[in-house]
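First comes the structure, then the notes that go with it.
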Amino acid sequence: MTTMRRATAEPRWVRLLLTAVALGFLFLFLVLPLIAVFWEAFAQGAQAYWDALQEGEARAAMLLTLTIAALVLPFNIAFGVAGAWAIAKFEFRGKSLLTTLIDLPFAVSPVVAGLIFIILFGAQGYLGPWLAAHDIKIIFALPGMILATLFVTFPFVARELIPLMQAQGRDEEEAAVSLGASGWQMFWRVTLPNIKWGLMYGVILANARAMGEFGAVSVVSGHIRGETNTLPLHVEILYNEYNQIGAFAAATVLAFLGLVTLVAKTIVEWRMRKETEMLTAELPPEKTELPPSVATERL
Numbered sequence: 107m108t109t110m111r112r113a114t115a116e117p118r119w120v121r122l123l124l125t126a127v128a129l130g131f132l133f134l135f136l137v138l139p140l141i142a143v144f145w146e147a148f149a150q151g152a153q154a155y156w157d158a159l160q161e162g163e164a165r166a167a168m169l170l171t172l173t174i175a176a177l178v179l180p181f182n183i184a185f186g187v188a189g190a191w192a193i194a195k196f197e198f199r200g201k202s203l204l205t206t207l208i209d210l211p212f213a214v215s216p217v218v219a220g221l222i223f224i225i226l227f228g229a230q231g232y233l234g235p236w237l238a239a240h241d242i243k244i245i246f247a248l249p250g251m252i253l254a255t256l257f258v259t260f261p262f263v264a265r266e267l268i269p270l271m272q273a274q275g276r277d278e279e280e281a282a283v284s285l286g287a288s289g290w291q292m293f294w295r296v297t298l299p300n301i302k303w304g305l306m307y308g309v310i311l312a313n314a315r316a317m318g319e320f321g322a323v324s325v326v327s328g329h330i331r332g333e334t335n336t337l338p339l340h341v342e343i344l345y346n347e348y349n350q351i352g353a354f355a356a357a358t359v360l361a362f363l364g365l366v367t368l369v370a371k372t373i374v375e376w377r378m379r380k381e382t383e384m385l386t387a388e389l390p391p392e393k394t395e396l397p398p399s400v401a402t403e404r405l
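The number in our numbering is simply the position in the sequence shown, starting from 1, with 106 added.
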């Protein structure tokens with residue numbers, strides 16, 4: 107065993123070199139730009155930074171960004187759980203098509219997605235005349251921005267839950283049903299506790315994408331100051347107007363939200379790993395699946 111380890115282990119200088127290259131890459135492309143953003147934001151002092159954030163359009167952009175993320179989140183959770191449950195637990199015609207549709211936003215450019223909504227709901231689009239006749243405004247308004255954000259974020263929850271549910275199998279759910287549990291009892295007491303950390307992980311990723319989305323939202327928003335400008339759009343407008351302090355101040359808010367998301371993601375990953383280790387330690391060595399008794403105890 108010792109000989110095999112020595113044969114497969116890299117020399118110390120190689121490990122140090124690879125570590126230095128990785129850390130240098132992270133510093134150059136992640137840490138240094140982050141430092142530059144905050145440096146430029148405070149270039150004229152804390153008061154100028156604070157004044158830029160207190161400006162009316164900046165506050166409206168921050169409020170709109172958080173509003174869109176909050177409104178999109180329930181739909182992401184509902185679709186993600188339902189889609190993952192259907193794909194992981196059942197066999198039905200069209201299952202492969204549903205899986206492909208879930209992956210579609212990963213393959214389609216966000217700008218193209220925004221153009222699709224323009225074609226559907228724009229003034230000259232397929233549904234535009236009918237919407238105008240009923241005084242319903244989607245494009246260049248909040249509903250269009252919500253639809254565009256929803257399109258680019260809905261795969262995240264489902265994509266986190268599908269492999270998790272497939273790995274867990276259906277034994278616990280079948281045991282719960284055999285003991286007389288209803289569908290909702292099975293979901294709330296068996297399925298949801300098993301997927302809670304994976305669900306939270308997917309929600310964090312979807313929320314981060316919703317707050318930082320630019321392409322699709324830019325197409326359908328109309329860039330109306332104080333009304334349809336999210337934080338990423340607000341940063342672009344200020345930077346194009348050579349308002350460096352305002353642009354970088356708004357960018358620090360996005361960076362702060364990103365750091366909060368990163369911390370939350372790390373905590374969830376740690377809890378998922380700890381829970382997996384605890385379950386693995388509780389299982390007998392010869393067992394590889396959870397016994398149906400776990401579902402019985404939860405009921």
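Cβ coordinates follow ideal geometry from the N, Cα and C atoms, glycine included.
{"query": "Distance CB(G308)-CB(A254) smaller than 8 Å", "result": "no"}
{"query": "Burial state of R315 (16 or more Cβ within 10 Å)", "result": "buried"}
{"query": "Unbroken alpha helix (DSSP H) run spanning N346, endpoints", "result": "L337 to N346"}
{"query": "Which of helix, strand or coil DSSP assigns to G364", "result": "helix"}
{"query": "A184 classed as buried or exposed, judged by whether at least 16 other C-beta atoms fall within 10 angstroms", "result": "exposed"}
{"query": "Status (buried if at least 16 other CB within 10 Å, exposed otherwise) for F260", "result": "buried"}
{"query": "Neighbour-count burial assignment, M251, 16 or more Cβ in a 10 Å radius", "result": "buried"}
{"query": "At least 3 beta-carbon pairs within less than 8 Å: the segment 160-169 vs the segment 363-378", "result": "no"}
{"query": "Touch test, the segment 263-274 against the segment 194-206, Cβ-Cβ under 8 Å, three pairs minimum", "result": "yes"}
{"query": "DSSP state of Q230 mapped onto helix, strand, coil", "result": "coil"}
{"query": "Reference P211, options A175, I224, L233 and L256, closest by Cα", "result": "L256"}
{"query": "As assigned by DSSP and simplified to three states, the class of Q272", "result": "helix"}
{"query": "At least three beta-carbon pairs within less than 8 Å, the segment 152-167 to the segment 352-360", "result": "yes"}
{"query": "Stretch-stretch touch, CB-based, cutoff 8 Å, three pairs: the segment 291-307 with the segment 223-243", "result": "no"}
{"query": "The alpha helix (DSSP H) enclosing N349, as first and last residue numbers", "result": "No alpha helix (DSSP H) holds N349; DSSP gives it neither H nor E."}
{"query": "For A147 and Y155, believed in contact at Cβ under 8 Å, the rounded distance", "result": "5 Å"}
{"query": "Three-way DSSP call (helix, strand, coil) for R379 in this model", "result": "helix"}
{"query": "Length of the line joining the Cα atoms of F198 and Q274", "result": "19 Å"}
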